[in-house]
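J.: My questions will all concern the structure given below.
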Amino acid sequence: MSTDSTDEATHADLIRGAAAYLNPIEIAGRLFGNVAAIAETPDGRRFPGVCIDTPCGTGFCAEAAAIGAMVTAGEQRIARIVAVWRDPGTGRLHVLPPCGRCRLFVSQVHPDNLHRTRVILGDHEATALADLIPSHEWPAPLDAAF
Ligand SMILES: [Zn+2]
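Under the working numbering, read the sequence shown as residues 5 to 150, first letter to last.
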């Protein structure tokens, strides 16, 4: 993990941007929109998304929704990504690290994303996506013959 003190202002801007899309609504006992994300391209285009928790197994995270909008617009490279959730009890905003599925999803949308995407983990913290995916390199062949 690395601290990006020089990027704090822009991290805050991205965090605030994602928070603006929070719009929790309960539908049939499932929460929609209680997590919001923004995927930002290298040229600064920003694509928001919210989580959609459906019971059919095809529900998806806010990051996936944001990336879907981004890819629909013809973009695949992600410079930065952030997801936020506001605790309804305290009203405090939290930056959420991406789940394992989203980490892999970001890495597979474009090969550059593995090392170039910065995952925002807080107002003072960000890291390369590769740091969040252990053993991500394609493995060498085994020494023994099988
Ligand atoms: Zn996820």
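A virtual CB, placed ideally from N, CA and C, is assigned to each residue, including glycine.
My assumption, with CB atoms under 8 angstroms, is that Thr83 sits in contact with Arg20. Please give the rounded CB distance.
T.: According to the sequence displayed, residue 83 carries Ala and not Thr. That belief does not hold up - the Cβ atoms of Ala83 and Arg20 are roughly 17 angstroms apart, past 8 angstroms.
J.: Would you say the beta carbon of Cys60 comes nearer than 7 angstroms to a heavy atom of ligand 2?
T.: In the structure on display, ligand 2 does not appear, and the ligands it does have are ligand 1.
J.: The beta strand (DSSP E) spanning Cys55 covers which residue range?
T.: Its beta strand (DSSP E) spans residues Arg50 to Ile56.
J.: If you compare alpha carbons, which of Trp142, Leu146, Pro28 and Asp47 is closest to Met169?
T.: Only positions 5 to 150 of the chain appear in the structure, and residue 169 is not among them; the question remains open.
J.: Can you tell me whether DSSP reads Ala23 as helix, strand or coil?
T.: Residue state, collapsed to three classes: helix.
J.: If we ignore side chains and look at the alpha-carbon of each, how far apart do Ile56 and Glu141 end up?
T.: Taking the straight line joining both Cα atoms gives about 31 angstroms.
J.: For His119 and Thr94, what's the separation of their Cα atoms in angstroms?
T.: Rounded to whole angstroms, His119 to Thr94 spans 35 angstroms at the Cα level.
J.: Between which two residues does the alpha helix (DSSP H) containing Phe109 stretch?
T.: Per DSSP, Phe109 belongs to the alpha helix (DSSP H) from Gly104 to Val113.
J.: Out of Gly63, Ser111, Ile137 and Leu146, point me to the one whose CA is closest to Val39's CA.
T.: Closest option to Val39, Cα to Cα, is Gly63.
J.: How do the region 25 to 40 and the region 101 to 111 stand: do at least 3 beta-carbon pairs fall below 8 angstroms, yes or no?
T.: As far as the Cβ criterion goes, the region 25 to 40 does not touch the region 101 to 111, which means the pair count is below three.
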